[in-house]
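Numbering-wise, the numbering used here comes out as the position in the sequence shown, counting from 1, plus 7. Structure first, commentary second.
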Amino acid sequence: MKKVTLLISILVLASLVLVACAPKVTGGTGGVALAGMPDLKGRTITVAVENAYPPFNMIDEATGEAVGWDYDTVREICARINCVPEFREASWDGIFPAMQADEYDMLADGVTYTEERDKIVDYSIPYLTYGQVLLVRVDENATLDEFKSNVDLIIGTQIGTTNEITAHKLFGAERVQSFEDFGATILALLVGDIDAVVIDSVAALGYMAENEGKMKIGAEITSDEQLAFVFPPGSDLVEPVNAALQSMIDDGTLEELNRKWGLSE
8 MKKVTLLISI LVLASLVLVA CAPKVTGGTG GVALAGMPDL KGRTITVAVE NAYPPFNMID
68 EATGEAVGWD YDTVREICAR INCVPEFREA SWDGIFPAMQ ADEYDMLADG VTYTEERDKI
128 VDYSIPYLTY GQVLLVRVDE NATLDEFKSN VDLIIGTQIG TTNEITAHKL FGAERVQSFE
188 DFGATILALL VGDIDAVVID SVAALGYMAE NEGKMKIGAE ITSDEQLAFV FPPGSDLVEP
248 VNAALQSMID DGTLEELNRK WGLSE
């Protein structure tokens, strides 16, 4: 009898250890939404990404896998509201007409909220406040004012972005070279074809991490812009995604993901 009692005690202790060591589950499991969250009943949603905008989305050179903050965050959102994300690589150029035409269910690409864009697409609640910066080579010492006054210095950015608008305002359109994506813009900076890049601060840090010791932030340009997810006009996904995103803000999950991917310290 004592042996049976001892065996039961060991089994109970082992089960408690396993429970204590189990990873924390934040989202819904088994095809069920998290308690209190809207339930999309396993619906598949198409999510547009560039796969060229670290740390939000990129291809891991070591594994060939698509990774980044967008992937982790959207998967966590879907775990909470019972949906299945289907990520689709899309070019930034033309993405807003594509969203307006309902070609994708959601856009996750570090998108800045603007009133002009809000007229043709819908936005989620903001998930990050950031600034734009001037990214330069590590040996560049010119100040922002010197960049503004020296007409020989060429500025690069990505076409169709708020960064392009800012670059045109600060330096004049004739001095700005706009590239299809920021990967090409960064390459042009590193080989000396351009002298600086106007880019979001978070993305600047992502590219600096990928090119360690080659670039630095030369100046801060803005500090109060907001990033949010984008949806076709009238999308029924806005409310459930907002609910999941707010719950992630409230329970600290979003901040954990932000720290993981360098969006916050």
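Ideal Cβ positions, reconstructed from N, Cα and C, are used throughout, including at glycine.
Item, Value
"If you follow the alpha helix (DSSP H) that Lys155 is in, where does it begin and where does it stop?", "151-156"
"For Ser254, is the classification buried or exposed, using 16 other Cβ atoms within 10 angstroms of its Cβ as the cut-off for buried?", "buried"
"For Val3 versus Ile228, is the C-beta distance shorter than 8 Å?", "A query on residue 3 cannot be resolved here, the shown segment of the chain reaching from 8 to 272 and no further."
"Does the count of Cβ pairs from the segment 102-112 and the segment 58-67 closer than 8 Å reach three?", "no"
"Can you list, in chain order, the stretches of the beta strand (DSSP E) that have 3 or more residues and sit fully within the segment 107-138?", "113-119, 135-137"
"For Pro104, count the other beta carbons within 10 Å of its own beta carbon; 16 or more makes it buried, fewer makes it exposed. Which is it?", "exposed"
"Exposed or buried, Glu170, counting other C-beta atoms within 10 Å across all chains shown (16 or more means buried)?", "Correcting the residue identity first, residue 170 is Asn in this sequence and not Glu. Its Cβ being crowded by 16 or more others within 10 Å, Asn170 is buried."
"Can you tell me whether Asn249 is helix, strand or coil according to DSSP?", "helix"
"Check Leu270 in the structure and name its three-state DSSP category.", "coil"
"Taking 8 Å as the cut-off, does the segment 83-103 touch the segment 46-54 (at least 3 CB pairs, one atom from each stretch)?", "yes"
"If we call anything under 8 Å between Cβ atoms a contact, is Ile162 one with Asp202?", "yes"
"Classify Gly213: buried if its beta carbon has 16 or more other beta carbons within 10 angstroms, exposed otherwise.", "buried"
"So, for Asp79: in the same chain, excluding its five sequence neighbours on each side, which residues have a beta-carbon less than 8 Å away from its beta-carbon?", "Leu264, Lys267, Trp268"
"Considering only their Cβ atoms, is the gap separating Asn58 from Ala73 smaller than 8 Å?", "yes"
"Helix, strand or coil, according to DSSP, for Asp77 in the structure here?", "helix"
"What residue from Arg144, Val118, Ser230 has the CA that sits closest to Val198's CA?", "Arg144"
"Give the secondary structure of Ile102 by DSSP, where H, G and I count as helix, E and B as strand, and everything else as coil.", "helix"
"Are the Cβ atoms of Ala251 and Ile132 separated by less than 8 Å?", "no"
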